[in-house]
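Below: one structure, written as structure tokens.
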Amino acid sequence: MSKESLVEGMSKKSFLGFVKSFNPHADLKKVEEAYDFAKEAHKDQKRMSGKDHFDHLLNTSYILIKLRLDTETICAALLHDTLEDTETKKETIKKKFGDEILSLIEGVTKIRKIRLETVEEDRAENIREVLLATIKDIRVILIKLADRLHNMRTLKYLDEKDRKSISQETLEIYVPIAYKLGMYKLKSELEDLSLRYLEPEIYQELKSRIAKKKEQRDKEIRSIIEKAKAVMVEKKLDCRIYGRAKNFYSIYKKMKKKSIPFEEVRDLYAIRIIAKTQDDCYRALGAIHAAWTPISTKFDDYISTPKPNLYQSLHTEVLIDKKPVEVQIRTWDMHHVAEEGIAAHWRYKDTERDKKFDRRISWLKQILEWKTSKSAREFVEDLKIDLFKDEIYVLTPKGDPIPLPEKATPIDFAYAVHTDIGNHCARAKVNNAIVPLDHELKSGDVCEVITLKNAAPSRNWLKITKTNIAKSKIRQKLGIVADSDVKKEEEEVKEDLTAKIEGVKASNVKMSKCCTPKYGESIIGYRMKDGKVAIHLSACPNLKDLEDTRKVKLLWKQKEKQDLVKIQVEIEDRIGLFADILNIFSAMRINVNSINTKNTKNKLYIVFEIEDRESLPKLIPQIKAVKNVIEVKTEQD
């Protein structure tokens, strides 16, 4: 049976039996009604392949049935083209199948088909419709992904220009969405099919080379599986072990990233160990590491810290017969979630599953929160960036993982948790140490955001944040439409103000207590009746109640260039020592550039900025007073 049509020759009776085998609780009468209705509605329609259009509807449904989805999703998949491609009216669908199925069909229909003559802006708007429909009912995107998968399986019947256009869109939008939803099996097939049409020569070469080594590779995988089984039996662990080949696209990406030929790609396959319990997963990991040499840089524990899409597994890589072999270890429940993604959670309605479901689509809700401020084209370009960025996982103090792009800052983290936390972010702690707001976060960091009621974003944040979501929220809070507005206003302020405030002595300038401006933040002065000028943040909510005629645009004076100072701190290591030392710098508002041990356990080398060296006599004694600090020396000592 070809993947082009997995239902070829399948009778209605067999199809309904197939539905029941995956979902014993399905309403087969309703599914049969949808089957008959769709077949009649599309009876005279053909696809480019020459097959009946109904064949496509059956294949789309087949993909979703295997995900064990509900009756309404299966019916909507069978009927998803009726409103657009036939004379069927909405009223007819509503009367015969109900509001829920009609809503799903309408959601899919709004995601218009891409045509060759479609202009770029329309294509972009189409992608936005995908996400808008998805947030209303996640089953819409599941139907669309199944529809796209079957269309990709039959793409060879279109001309080259259409093949490339659809494949590019699939790779840029649908593949990362499938990844974000945890649907790895579907994602991998979409990747390989996209590569097939975007880089046909490379695809065929990979296919040919892998086929030539298939017999040898299968023999090696069988040998590895037998060895792994023996290890599990010895440790009295009841596990199932499978071998799996890497998909073409992942091999292609590795060759491209490392600039190596196919012959130098060593890890072409992997094994997967399915254990009965979570404890058994860790026992199996210990057994594997005891039997073979682990590659230390290739270990990830996604069981204790799941990915944001709820994926859980232990990942390790070991040397077996001098070859690197990737090993994934998980339970059966974890395996179903990894294979089926969000569909596995959709089948359950209990409170805990609902919470996990909401977490899995939280990234989508965040993206849609900033959609209104952009054109469709800008929206899609930013979406591509956010979907493709390499992710890190930063933990909240409660242990919840927050996905962020590499080099993200505590401000990005704050807005990813909640808009209000971002808007009132004053300081941040990473791993219990106070850090500057432009601190670069790393995977596994625990970040705590300290908020203050009067704190507010500054324009400077736009220069240090990495996520489009954070930038959009900051602009929204500051009343800025785009980056160009920031530059324009900065230039206007520079023109309006010299280094001094005309007619006002420095002694007559005071900082307002309502918003406590800090150096570098965007500020506005307000001339008070006593002649003094109160300094407010530009975003201070109290400004709206003050007279515009008495407001003065201000800029901070540029600080003189700061000196870099290096100190050497001799220590006896203990838990929390780094944090205690860095807290002193934070309290004195001294920016630390770097801190490292240079491969020693008893010395810290700290480089920091200081405005005047008169501050050093205050700093050094405080560091010396920290428990387990033995000596502090400056660079000159």
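In the working numbering, the protein residues as written are 1 to 637.
For every residue, glycine included, the Cβ atom is placed at its ideal position computed from N, Cα and C.
Next item on the list: Run through the region 392 to 432 for me and flag every whole beta strand (DSSP E) of 3 or more residues, listed as ranges in chain order.
Entry: 401 to 405 and 425 to 430
Next item on the list: Please state whether DSSP places proline 200 in a helix, a strand or coil.
Entry: helix
Notebook entry, point to check: What three-state label does DSSP hand glutamate 117 in the structure shown?
Noted result: Below a pLDDT of 50, predicted positions are generally treated as unreliable, and glutamate 117, at 38, falls in that range; the measurement from the model is reported next regardless. In the structure shown, glutamate 117 sits in coil (DSSP, three-state: anything other than H, G, I, E or B).
Next item on the list: Return the Cβ separation of glutamine 328 and histidine 315 in integer angstroms, given the expectation that the two are a contact with Cβ distance under 8 Å.
Entry: 6 Å
Item checked: Extent of the continuous beta strand (DSSP E) run through cysteine 447 -> 447 to 451
Checklist line | Option in Val140, Val233, Glu199 and Ala408 with minimal Cα separation from lysine 161 | finding: Glu199
Checklist line | Cβ-Cβ distance between alanine 76 and isoleucine 101 below 7 Å | finding: yes
Checklist line | Contact between the region 563 to 573 and the region 615 to 635 (3+ Cβ pairs under 8 Å) | finding: yes
Note to self: Can you tell me whether glycine 17 is helix, strand or coil according to DSSP?
What the structure shows: helix
Check: Going by alpha carbons, who is nearest to glutamate 288 out of Ile260, Leu237, Val31 and Ala245?
Finding: According to the sequence as given, residue 288 is isoleucine; it is not glutamate. Ranking the options by Cα distance to isoleucine 288, first place goes to Leu237.
Item checked: Inter-residue Cα distance where the pair is lysine 466 and valine 417 -> 15 Å
Note to self: Alpha carbons only, please: which of Ala433, Pro405, Glu448 and Lys463 is nearest the one belonging to threonine 396?
What the structure shows: Glu448
Next item on the list: Give the DSSP-derived three-state secondary structure of proline 645 in the structure shown.
Entry: With the chain covering 1 to 637 only, the question about residue 645 has no answer from this structure.
Next item on the list: Just the C-alpha distance for lysine 684 and valine 430, rounded to the nearest angstrom, thanks.
Entry: This structure leaves residue 684 out entirely; the chain is present only between 1 and 637.
Margin query: Helix, strand or coil for glutamine 328? Go by DSSP, reduced to three states.
Written below: Of the three classes helix, strand and coil, the one that applies to glutamine 328 here is strand, per DSSP.
Margin query: Taking its Cβ as the centre, do 16 or more other Cβ atoms sit within 10 Å of alanine 230, making it buried, or is it exposed?
Written below: exposed
Next item on the list: Assuming tyrosine 184 and glutamate 72 form a contact by the criterion Cβ under 8 Å, report the distance between their Cβ atoms to the nearest whole angstrom.
Entry: Not confirmed; about 25 Å, so no contact.
Checklist line | Burial state of alanine 38 (16 or more Cβ within 10 Å) | finding: The residue is buried, with at least 16 neighbouring Cβ atoms inside 10 Å.
Notebook entry, point to check: For the putative contact between phenylalanine 97 and alanine 26, defined by C-beta atoms under 8 Å, what is the C-beta separation to the nearest angstrom?
Noted result: So it is not a contact: roughly 14 Å between Cβ atoms.
Check: Is the CB of serine 61 under 7 Å away from at least one CB in chain C?
Finding: Annotation note: the requested chain C is absent from the structure, which comprises a single protein chain.
Check: With 16 as the cutoff for other CB atoms within 10 Å, does lysine 144 come out buried or exposed?
Finding: The residue in question, lysine 144, is buried, as its Cβ has 16 or more Cβ neighbours within 10 Å.
Next item on the list: Measure the Cβ-Cβ separation of aspartate 412 and alanine 470 and say whether it is below 7 Å.
Entry: yes
Note to self: Using only the alpha-carbon positions, how far apart do glutamine 204 and lysine 298 sit?
What the structure shows: 30 Å
Margin query: Whole angstroms are fine: how far does the CA of tyrosine 269 sit from the CA of proline 324?
Written below: 9 Å
Next item on the list: Kindly identify the DSSP beta-bridge partner or partners of phenylalanine 37.
Entry: Partner(s): none; phenylalanine 37 has no beta bridge.
Note to self: Less than 7 Å between the beta carbons of proline 457 and lysine 442, yes or no?
What the structure shows: no
Note to self: In whole angstroms, give me the CA-to-CA distance for threonine 549 and leucine 462.
What the structure shows: 29 Å
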